[in-house]
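Right, one structure below, let's go through it.
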């Protein structure tokens, strides 16, 4: 005799708002920020995944961090500013910020993703943090988003300047931009695997030539690996 699959209780959004330190005028934005694509694909009731919010949040995060560093670190040259910003907005940093908020306890994931540990997967947690930023930005404006972001960024800078992770994309861009007529483009060439274990393949093109290929469990990771291969081929 088969038993109906039990539905997990809905997350306590008020509790998450308390962790975030922001009360939403439109709570649906917060729920959307916590909705992984696997859940959106599995649930007919879902209003969509957090991927669009992640896209917007990534840009808001980058802008706020760049603006803060520019205004508060006048001693840093452009190269150091770029490396410091990269360390503050990378997947590892955003995942850590997400863990501080306990985001994993509130994520809406498919049953398969939940059972495979998706609630603790760095790429999912990092994406959710960026989606929260976008949700706050859309609900309360740039200053609310800035205040939220700087809660995490300021302590990280004050404790010790973060050791910049190997940002191969920035390294490659700095080399290529010495020749203004050259242009770089990252092209997604493959996507395979189930929602809870995706693998992405990316090529980096210099003008029309493929100069590197890479793979990873997120598009960002695949782009970094493609850039790393390109740098190796160029002798760096």
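Numbering (my numbering), first residue to last: 215 to 450. Ideal Cβ placement from N, Cα and C applies to all residues, glycine included.
Secondary structure of residue i, DSSP reduced to three states
i: residue 406; result: strand
i: residue 423; result: strand
i: residue 236; result: coil
i: residue 325; result: helix
i: residue 396; result: coil
i: residue 374; result: Unreliable placement is indicated for residue 374, whose pLDDT of 48 sits below 50; no coordinate value is reported for it.
i: residue 291; result: coil
i: residue 383; result: helix
i: residue 448; result: coil
i: residue 361; result: helix
Supposed contact pair residue j and residue i - C-beta distance, whole angstroms, cut 8 Å
i: residue 338; j: residue 250; result: 6 Å
i: residue 307; j: residue 323; result: Contact doesn't hold; Cβ gap of about 22 Å is too wide.
i: residue 345; j: residue 268; result: 5 Å
i: residue 340; j: residue 309; result: 4 Å
i: residue 283; j: residue 298; result: 6 Å
i: residue 434; j: residue 305; result: 6 Å
Whether residue i touches residue j by CB criterion (8 Å)
i: residue 381; j: residue 327; result: no
i: residue 350; j: residue 236; result: yes
i: residue 353; j: residue 238; result: yes
i: residue 342; j: residue 371; result: no
i: residue 416; j: residue 444; result: no
i: residue 396; j: residue 420; result: yes
i: residue 386; j: residue 398; result: yes
i: residue 264; j: residue 280; result: no
i: residue 231; j: residue 244; result: yes
Per DSSP, cross-strand counterpart(s) of residue i
i: residue 414; result: 405 and 430
i: residue 249; result: 322
Cβ-based burial, residue i [other Cβ within 10 Å; buried from 16]
i: residue 450; result: exposed
i: residue 335; result: buried
i: residue 374; result: Confidence is the limiting factor: at residue 374 the pLDDT is only 48, short of 50, which leaves the residue's position unreliable and the question unanswerable from this model.
i: residue 428; result: buried
i: residue 447; result: exposed
i: residue 226; result: exposed
Near the ligand PLP: residue i beta-carbon under 7 Å from a heavy atom
i: residue 263; result: Absence of the ligand PLP from the depicted structure is noted, as is the absence of any ligand whatsoever, leaving it without description.
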